[in-house]
Amino acid sequence: MEIPKRFKGKVAIVTASTQGIGFTIAERLGLEGASVVISSRRQKNVDVAAEKLRAKGIDVFAVVCHVSNALQRKDLIDKTVPEVWKDRCRCVQCCCKSFC
Numbered sequence: 000m001e002i003p004k005r006f007k008g009k010v011a012i013v014t015a016s017t018q019g020i021g022f023t024i025a026e027r028l029g030l031e032g033a034s035v036v037i038s039s040r041r042q043k044n045v046d047v048a049a050e051k052l053r054a055k056g057i058d059v060f061a062v063v064c065h066v067s068n069a070l071q072r073k074d075l076i077d078k079t080v081p082e083v084w085k086d087r088c089r090c091v092q093c094c095c096k097s098f099c
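If you use numbering that gives the first Met the number 0, the sequence shown corresponds to residues 0 to 99, in order.
Dropping the structure here:
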């Protein structure tokens, strides 16, 4: 049975996603076409999980992040946006108008 590609062209950020339920969620989203951002507190866990997902043909971006730490959460987003969304976000025109 072929897996549907419901999430093709989408990006999924799944925190605490290098083992267990988090990994399984990231894996399924990736198998259904999403680019997946995974994270964990430990670099080794991130590297191992990313390799497993890539071996299944999943587009994965891996970041070390302890979600209880606000600075690390910010860093996760700061690293993810330019790397993962770089070709997906296009700003055609930005304008601001002041109303008096």
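The beta-carbon is built from N, C-alpha and C at its ideal position, and this holds for glycine as well.
Remember, it's a predicted structure, so these values are computed and weren't measured experimentally.
So, helix, strand or coil for residue i, using DSSP?
| i | result |
| --- | --- |
| Val-13 | strand |
| Phe-22 | helix |
| Val-35 | strand |
| Val-83 | helix |
| Val-63 | strand |
| Glu-1 | coil |
| Lys-55 | coil |
| Asn-68 | coil |
| Trp-7 | The amino acid occupying residue 7 in the given sequence is Lys; Trp does not appear at that position. Three-state result, Lys-7: coil. |
| Arg-40 | coil |
Relative to the C-alpha of residue i, which candidate in the options has its C-alpha closest?
| i | options | result |
| --- | --- | --- |
| Lys-9 | Leu-28, Ala-54, Thr-17 and Ala-33 | Ala-33 |
| Thr-23 | Ala-48, Leu-75 and Pro-81 | Ala-48 |
| Ser-40 | Arg-27, Leu-52, Ile-76 and Thr-14 | Ser is not the amino acid found at residue 40; the sequence shown has Arg there. Of Arg-27, Leu-52, Ile-76 and Thr-14, the residue nearest in Cα terms is Thr-14. |
| Ile-2 | Glu-26, Ile-20, Glu-31 and Ala-25 | Glu-31 |
| Val-59 | Val-36, Lys-7, Lys-73 and Asn-68 | Val-36 |
| Ser-38 | Ser-67, Met-0 and Lys-55 | Ser-67 |
| Asp-17 | Phe-6, Arg-5 and Leu-52 | The amino acid at residue 17 is misidentified as Asp; the sequence shows Thr. Comparing Cα positions, the closest option is Leu-52. |
| Glu-82 | Ala-61, Asp-46 and Asn-44 | Ala-61 |
By the 10 Å Cβ neighbour count, where 16 or more other Cβ atoms means buried, how is residue i classified, buried or exposed?
| i | result |
| --- | --- |
| Glu-26 | buried |
| Val-80 | exposed |
| Leu-70 | exposed |
| Ala-54 | exposed |
| Ile-57 | buried |
| Ile-20 | exposed |
| Ile-12 | buried |
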